[in-house]
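Note sheet for the following structure.
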Amino acid sequence: MKTFKHLYPQITSFENLFLAFKAARKGKRARPDIAEFEFNLEENLLDLQKELQEETYQPGKYKNFRINDPKPRLISAAPFRDRVTHHALCRVIEPLFDRRFIPDSYACRKGKGTHAAITRAQEFSGEYRYVLKCDIEHFFPRMDNQILYDLLTRWIADKQTRRLCKLILDGGAGIHDEISPAYFAGDDLFSALRPRGLPIGNLTSQFWANVYLNPLDHFIKRDLKCPAYARYVDDFLLFSNDKSDLHRWRLAVIDFLAAQRLTLHEAEAQVFPSATGIPFLGWRVYPDHLRLRRRNGVAFQRRFALSLDQMRRGKLSRAKVMDSVSGWIAHVQFGQTWGLRRALVSSVILPPIPAFGNGGRAGRGA
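Under the working numbering, the first residue of the sequence shown carries the number 809, and numbering increases by one thereafter.
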């Protein structure tokens, strides 16, 4: 098995740190902490480089806040200089792992994404009669740090890079302590003290989620020989023309995840006909069309109403509102949502909304 050495000089090079800064800053230049870092950019990057090279770097404290869309979650924001470090690390090591990921893993990868995952799920739904839909209970809060570290160091032989990964892992451990740990056969009383959890919001967390579930992907494809499988973060679908296969695979997946100290939402992990529509990534996926799930439309309608109120009171610019609406339209025009789009934005004067033919994807039914 090939391992990788001499990664740390690449990670800590000034060029890599500068490119990492640009990536971490993208779309957020107006934020005060980023503007402050950029004001003395060269000095700040040189200071960060020195700390990393001399191995005196220590991550700062996270700022935590909660969101309820689409479900209650704790989001943790690292200080900006730490986010630069995360980007610098991922720029070097992520390509080494990405080549080991299966093609049908779609989250946080170049050339992938939610639309590609939905398209693939729709293709499979037209080819296979039945689907097993799965998602993992409290995935980010319950990821076992030692298991993740072992997976990372399986290929990273560079001690300094290992140390940096450990620093970032340890810095986020305990953020989700309010989520009770899962217990498994053979656990003792100290199992609850195992370091666990990744901050939702870190670039490293998104990348490491794929590292953590990569063994599951290969188990499903190689050992279970599932012919059609797609995963986006902790939501994944298995397809077959034989229901008995899917029921058997469901039990095998539960056992495999237990070895990774993870659990399925077992009550929701059910086998059903693909033709009835698969709830996946905010959509209901049918073999010949897509429907936006109602709760997603309702959630946007609430955000949109709040934005309009803020705009009328002068707290939000019209341009910001239009950017938000345009981004949402770009997402939902992927499916059959023309009527919904028209209804939701009719309360404010905006540029014409493109109909895109029948309001859905090319070649799909309305």
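For glycine and all other residues, C-beta sits at the position ideal for the given N, C-alpha and C.
Just so you know, these numbers come straight off a predicted model, no measurement behind them.
Contact under 8 Å by Cβ, residue i with residue j
i	j	result
Y870	P1007	yes
E935	A1036	yes
S1052	V939	no
A1039	D912	The residue you asked about is not Ala; residue 1039 is Arg in the sequence shown. It is a contact, given that the beta carbons lie within the stated cut-off.
K834	A965	no
L815	V900	yes
I910	D985	no
V1093	A929	yes
V1041	A924	no
H946	I883	no
L904	W963	yes
E859	Q968	no
R1058	A1075	no
Neighbour-count burial assignment, residue i, 16 or more Cβ in a 10 Å radius
i	result
E823	exposed
G982	exposed
L1046	buried
P840	exposed
G1173	Confidence at G1173 is low in this model, with a pLDDT of 35, below 50, so its placement is unreliable and the value that follows should be read with caution. Label assigned to G1173: exposed.
A832	buried
F873	exposed
I819	buried
N848	exposed
I875	exposed
T1012	buried
T1084	exposed
L1114	exposed
R1126	exposed
R889	buried
L854	exposed
F998	exposed
L1001	exposed
A886	buried
A843	exposed
One or two residues paired with residue i in a DSSP bridge
i	result
C942	F1044
W1016	Answer is none; W1016 lacks a bridge partner.
S884	N872
Y865	Beta-bridge pairing links Y865 to no other residue.
L1072	I944
Y1037	L1046
I1086	V1093
P1081	Y938
R1004	D952
R1099	R1092
S1175	Not covered by the structure: residue 1175. The range shown for the chain is 809 to 1174.
Residues of its chain near residue i, where Cβ-Cβ distance is below 6 Å and the 5 sequence neighbours each way are ignored
i	result
P1003	N953, A981
F948	L1006, I1008
Q1118	L1124
C973	L960
F845	N852, F888
C1034	I1028, L1046
P1159	At P1159 the pLDDT is 45, less than 50, meaning the model places this residue with poor confidence and gives no usable figure here.
Residues near residue i by beta carbon distance below 7 Å, same chain, minus five either side
i	result
H1055	V1079
A990	R950, R1069, T1071
R1120	none
F992	A1066, R1069
K836	I842
Supposed close pair residue i, residue j - CB separation, criterion 8 Å
i	j	result
F1015	E902	5 Å
I944	L1065	7 Å
C942	F1027	Rounded, the Cβ-Cβ distance is 13 Å, inconsistent with contact.
V1061	L1072	7 Å
N1010	H894	6 Å
S933	P1095	5 Å
R917	D906	6 Å
G979	P817	The Cβ separation is near 23 Å, so there is no contact.
T961	R970	5 Å
N852	R937	So it is not a contact: roughly 57 Å between Cβ atoms.
The ligand FMN heavy atom lying under 7 Å from the CB of residue i
i	result
C973	Ligands are entirely absent from the displayed structure, and the ligand FMN is therefore not among its contents.
Same chain only: Cβ atoms within 8 Å of residue i, ignoring 5 sequence neighbours per side
i	result
Y1020	M951, I955, L956, L959, Q1068
G1165	Confidence at G1165 is low in this model, with a pLDDT of 40, below 50, so the placement of that residue is unreliable and no value is reported for it.
I926	F1088, L1089, W1091, V1093, L1098, F1142
L800	As shown, the chain starts at 809 and ends at 1174. That puts residue 800 outside it, with no answer to give.
K920	S913, Y914
K879	none
A1017	A915, C916, F947, F948, M951, L1006, V1041, D1042
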